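Residue numbers (the working numbering), protein chains in the order written: chain A, 1 to 112; chain B, 113 to 223.
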């Protein structure tokens, strides 16, 4: 059974803290994605990666960075969390340019 | 401007009703359109459409794509309370690495 695992389901952080969100997939997928989901706005792409150490900005990369040191792991980093980054964060993966996205369960981040 | 627009934003129906959800898009190099259902957790895949006019069907759900008019519809017949969810549409364009999602349609099915 295919699996995308996000390390934290719920996090509460303070403004200015550094936040790491981890995502691991076991399907040997080349592509990995980070989205944030806010009511009425759907899923907005933050960053994606199509290979190890490769990354591309999505629609809303400001305030975020990513790391892909290994094929199975894609990390989202908030260098200095702000309240407007309170959101649900979804990681996804897929085979290179083919077929459906497989999603993780999501990480709900609250920044106080 | 929004590339993928879903309508309606939300919908309340009663069990047994038929619903039609819409997804219109505007992209330069279309590759595919995907539908997802999201209940409380991760979105789950429903359909991927690449060709115009060919209906995809799974039980009470069906979907079709119109590449000339740039839209897709998702139909749900004989709705059940378990169909209550957010339905997401995503469009893949260009080299095929990026998918752009619409804002979703929140469907509530009342008993």
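Quick reminder that beta carbons are idealized off the backbone N, C-alpha and C, glycines included. Quantities reported herein were computed from a predicted structural model and do not represent experimental measurements.
Which stretch, first to last residue, makes up the beta strand (DSSP E) that contains residue i?
i	result
residue 80 of chain A	Here residue 80 of chain A belongs to no beta strand (DSSP E), and DSSP marks it neither H nor E.
residue 126 of chain B	122-126
residue 141 of chain B	No beta strand (DSSP E) contains residue 141 of chain B, which DSSP labels as neither H nor E.
residue 239 of chain B	One cannot answer for residue 239 of chain B here, as it falls past the ends of chain B, which runs 113 to 223.
residue 22 of chain A	19-25
residue 64 of chain A	Note, residue 64 of chain A: premise wrong, no beta strand (DSSP E); not H, not E.
residue 217 of chain B	217-222
residue 204 of chain B	197-205
residue 14 of chain A	Counting along the chain, residue 14 of chain A falls outside any beta strand (DSSP E), and DSSP gives it neither H nor E.
residue 90 of chain A	87-95
residue 185 of chain B	183-188
residue 118 of chain B	116-119
residue 56 of chain A	54-57
residue 170 of chain B	168-170
Please confirm if residue i has its CB atom under 8 Å from at least one CB of chain A.
i	result
residue 220 of chain B	no
residue 133 of chain B	no
residue 171 of chain B	no
residue 213 of chain B	yes
residue 155 of chain B	yes
residue 182 of chain B	no
residue 161 of chain B	no
residue 145 of chain B	no
residue 121 of chain B	yes
residue 200 of chain B	yes
residue 165 of chain B	no
Nearest chain B C-beta to residue i closer than 8 Å, yes or no?
i	result
residue 105 of chain A	yes
residue 109 of chain A	no
residue 48 of chain A	yes
residue 90 of chain A	yes
residue 76 of chain A	no
residue 100 of chain A	yes
residue 112 of chain A	no
residue 21 of chain A	no
residue 42 of chain A	yes
Is residue i helix, strand or coil when you go by DSSP?
i	result
residue 132 of chain B	strand
residue 110 of chain A	strand
residue 156 of chain B	strand
residue 104 of chain A	coil
residue 214 of chain B	coil
residue 5 of chain A	strand
residue 40 of chain A	coil
residue 99 of chain A	strand
Using only CA atoms, which one of the options lies nearest to residue i?
i	options	result
residue 112 of chain A	A:103, A:85 and A:106	A:85
residue 220 of chain B	B:125, B:137, B:185 and B:190	B:125
residue 45 of chain A	A:108, A:11 and A:62	A:62
residue 148 of chain B	B:165, B:140, B:170 and B:139	B:170
residue 206 of chain B	B:140, B:116, B:187 and B:122	B:140
residue 107 of chain A	A:92, A:88 and A:100	A:88
residue 83 of chain A	A:110, A:8 and A:102	A:110
For chain E, find out if any of its Cβ atoms is closer than 8 Å to the Cβ of residue i; answer yes or no.
i	result
residue 11 of chain A	Looking for chain E here will not work: the only protein chains present are A and B.
Review point. Can you find at least 3 beta carbon pairs, one from the segment 131-150 of chain B and one from the segment 160-176 of chain B, that sit closer than 8 Å?
Key: yes
Practice item. Flag this pair as touching only if the segment 9-18 of chain A and the segment 71-81 of chain A have three or more C-beta atom pairs under 8 Å; answer yes or no. Key: yes
Practice item. Flag this pair as touching only if the segment 79-96 of chain A and the segment 29-38 of chain A have three or more C-beta atom pairs under 8 Å; answer yes or no. Key: yes
Review point. Can at least three beta-carbon pairs, one atom from the segment 126-133 of chain B and one from the segment 61-70 of chain A, be found at a separation below 8 Å?
Key: no
**Study point:** the segment 134-141 of chain B in contact with the segment 201-218 of chain B per 3-pair CB rule at 8 Å
**Key:** Taking 8 Å as the limit for Cβ pairs, the verdict is that the segment 201-218 of chain B does touch the segment 134-141 of chain B.
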